[in-house]
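Under the numbering used here, the sequence shown has 166 at position 170, and the numbering climbs by one with no breaks. Each residue gets a CB set at the ideal place from its N, CA and C atoms; glycine is no exception. Working notes, structure below.
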Amino acid sequence: SGVNNLLVITGDYPESGFLGIPKPVFDLDSVTALHYLSELNRGLEIPLGKKTVTLDPPEFYLGACVSPCKWTEGPCKMQYLKMEKKLRAGADYFISQLGYDARKYVELIRYAREHLQTDVPIIGSVYVLTAGAARLMNAGQIPGLSTRASRPPSSFLVRLAIAPSVMIAMPAPIQIYLPSIQVTRKI
């Protein structure tokens, strides 16, 4: 019993906080944390007097995050490099960061299967947005999340804005999300 599945993430750099700008604390990044947790999964050896004792491994199923929706080559390559490092550090599965470009999910799957030669599970993120949340994401006001395509305004945001919706807080019709849903179902 207890916790067996872990999603290991570093988190975003803090931009604001209570009474001013907070001090960021990054003692461990996700790659290093995955490495240590993988070592723990093999059984931690601790010195006990004159002998060494190996503790029973906790058998964590270790997850990591990958962000496929980067629009230029540099940031995209960095994400794939980090994915490879996380895989080598012991990630058992990946969850993609939220994004709204089905082509980027296909690219991610192809990279993992063909370049990294891995069949590690990749869980795609699909979130049904309201028009207000989509505008915030498109403006870059939610760290790590974007509805932007290669050229703003994204076609996704335009389709969301013209979707029939009685209230601003109402989600758009599911048809807008079908490309992402179809791709993530194949992951």
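Can you list the beta strand (DSSP E) stretches of 3 or more residues lying completely in the region 17 to 70, in chain order?
Qualifying beta strand (DSSP E) stretches, in chain order: 41 to 44, 47 to 50, 57 to 62.
Short of 8 angstroms in beta carbon distance, which residues of its chain neighbour Y57, apart from the five on each side in sequence? Order them along the chain.
Here the set comprises N0, N1, L2, D88, Y89.
Out of E69, G95, P54, which has the shortest C-alpha to C-alpha gap to G231?
Given a span of -3 to 183 for the chain in the structure shown, any question on residue 231 remains unanswerable.
Are the region 88 to 106 and the region 38 to 46 touching by the rule of at least three beta carbon pairs closer than 8 angstroms?
These segments do not touch.
For L77, which of V49, H111, W67 has the nearest alpha-carbon?
Checked all of V49, H111, W67; the closest Cα to L77 is H111.
Tell me the DSSP secondary structure of N1 in three-state form.
Strand at N1.
To which residues of the same chain is A85 closer than 7 angstroms at the C-beta, ignoring the five residues directly before and after it?
V27, L30, H31, S34, listed in sequence order.
Quick one: Cα of C72 to Cα of I105, how far?
One C-alpha to the other measures close to 13 angstroms.
What is the rounded straight-line gap between the Cα of G136 and the Cα of L51?
For G136 and L51, the distance between alpha carbons rounds to 46 angstroms.
With DSSP as the reference, label I91 as helix, strand or coil.
Three-state result, I91: strand.
Give the DSSP bridge partners of I118, in chain order.
In the DSSP output, where bridge partners are listed per residue, I118 has F90.
Would you call I119 buried or exposed, if buried means 16 or more other Cβ atoms sit within 10 Å of its Cβ?
Exposed.
Quick check on DSSP: helix, strand or coil for I138?
Looking at I138 - three-state DSSP - the assignment turns out to be coil, as it is neither helix nor strand.
Is it buried or exposed for M74, if we count other Cβ within 10 angstroms and need 16 for buried?
Exposed, since its Cβ has fewer than 16 Cβ neighbours within 10 Å.
Distance, Cα to Cα, T48 vs T114?
About 35 angstroms.
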